[in-house]
Every structure is written in C-alpha cells, then in structure tokens.
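Counting along the sequence shown from 1, when you hit position 45 you're at 46 in the numbering used here, and nothing is skipped either side.
All residues carry an ideal CB built from backbone N, CA and C; glycine is no exception.
All of these numbers come straight from a predicted model, not from anything done at the bench.
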Amino acid sequence: MSEARQQIMKAIREGVQKALLPGMAADHPPDTNPRGRGGVAEFVAEVERLSGQVIRVSSPVEASDAAASLFRKRGWDRVLAWEWGEIDCEGLPEALAGAGVAVVHGGDPADLEPIPVGLTGAEAALADTGTIVVRNGPGRSPLASLLPPVHVVLLDARRVLPDMHTYFESLSAGGGAAEHVRASSNLVFISGPSRTADIEQSLTLGVHGPRELIVILWEGTAPGGL
C-alpha cells in the first residue's frame with residue numbers, strides 16, 4: 002500500500018473514532034388533545050365510535066350485578082377471568098356464581114378456546130382514543146383479553162385519564178414506572194374490538210382477537226388518578 006493511501010486510510014480511521022452522534026433532546030412536548038376535555042364522557046363516546054359498548058352504573062356492586070345480568074342475557078355459562086383480587090370489583094364472584102357462571106382463571110389455551118367471554122379489570126383508560134390499558138402479570142392472564150370472542154372490562158371511572166402521555170406521566174410522578182415494567186409480562190393498549198381489513202378495505206371484526214368489547218364503568222367514587 003502506497004504511503005499516500007496509508008495516510009488517507011489513517012485519517013479515515015481517526016475520523017471515525019472521533020465522530021460523535023448528535024445529541025437528542027431530553028424533553029418532548031406532549032401531544033395535545035383536540036377532541037375534548039379528556040373525561041368520562043369523551044371516553045364513552047370514543048369507545049362507542051370504535052364499535053365498543055359501555056354500560057354505566059353508579060358503584061362496584063352495581064357493576065357486578067350488571068355483569069351477572071349481561072351473562073344471563075347472553076347465555077354465557079363460562080368465563081375466563083383474572084383472579085378476583087386483580088379485578089377488585091365488590092360482589093363480583095357472588096354475582097357470577099348466582100348467575101350460574103363457571104369461572105376459569107387459567108389453563109391450557111386449547112382447553113380455554115371454547116370459553117365465550119373473557120373478564121378483566123383495567124390498569125387505566127385513555128379518554129382521547131377510547132383505549133383500555135391492560136397490564137398482564139401474576140393473576141392477570143393475557144388470554145382473558147385475547148382468546149375469547151368477547152372481552153368484558155370492569156372499570157372504575159377514577160382510572161379514566163385524558164391520554165397516553167398523562168398515563169405515563171402519572172407512573173413517573175409516582176416513581177412506579179420501573180416497578181410496573183418488572184411486575185408485568187406485558188402492557189396492552191386496547192382500542193375497540195379486534196379489526197382487520199383486506200386489500201379491498203373490507204373491514205372484519207374479531208379476526209385476531211375479540212370481536213366485541215364491553216366496558217362496565219362505575220362512577221360512584223370521587224374523580225382522581227390511578
């Protein structure tokens with residue numbers, strides 16, 4: 002290799018070694034919420050706009066009764082559910098037992114596939130997109146919100162937040178973001194029933210997940226955060 006070529010290659014190597022990537026901004030401005038104020042009314046409107054259903058009641062006990070009534074009306078006699086302590090809705094086990102519903106909390110997916118409905122709580126709800134935030138982990142089987150054709154969510158209105166930015170901000174403010182990551186197998190954001198479209202834009206519900214999303218929302222407690 003000629004001396005000139007060696008000098009060129011040396012200069013290139015030294016330049017690469019000393020090159021610095023441009024710095025990234027640490028802070029990013031939050032997205033605005035153009036649709037509304039980010040409250041329960043907006044959340045309900047967005048869920049319904051996405052072909053979901055919301056049943057509004059005034060207390061956890063009424064939510065449990067509404068769930069039992071829904072199960073009777075639809076003829077559901079089995080449910081794949083989170084552990085009761087993870088749903089945290091007063092009177093729910095008794096209400097479903099009174100409706101003759103057999104409750105399954107987990108098992109082999111092949112055995113769970115015939116179950117018509119899944120029942121979960123929610124980590125939070127995002128008003129601007131009508132989104133349910135589901136954090137899976139111990140006692141919170143991800144199959145309950147993914148495998149059955151119908152997903153029923155029991156939701157305290159205090160968990161309705163304006164948007165995703167507010168949700169993550171609330172975790173950071175409480176110092177719980179890292180703990181959430183460690184304690185969770187995954188974090189799922191659900192906006193309406195599962196939907197897909199083919200190349201001709203024919204929309205079909207329920208191909209890759211539940212075809213129905215039903216939220217039972219109780220509002221009998223003071224507004225607040227998580």
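For alanine 103 and alanine 145, the gap between their C-alpha atoms comes out near 14 Å. Between serine 65 and glutamate 91 the beta-carbon gap is near 7 Å, inside 8 Å, which marks them as a contact.
Beta-carbon to beta-carbon, leucine 148 and leucine 81 are separated by about 7 Å, close enough to satisfy the 8 Å threshold.
Taking a cut-off of 8 Å for Cβ pairs, the region 209-219 and the region 153-172 touch, as three or more such pairs fall below it.
The region 67-103 contains, as complete alpha helix (DSSP H) runs of 4+ residues, the segments 85-88 and 93-99 (chain order). Looking from the CA of alanine 128, the closest CA among Pro143, Leu162, Arg6 and Gly107 belongs to Leu162. Between leucine 113 and alanine 68 a beta carbon distance of about 19 Å is seen, past the 8 Å cut, so the two are scored as non-contacting. Counted as a single uninterrupted DSSP element, the stretch harbouring serine 146 is not any beta strand (DSSP E) but the alpha helix (DSSP H) occupying residues 144-147. Glycine 131 and glycine 193 do touch by the CB rule: their CB atoms are close to 7 Å apart, below 8 Å.
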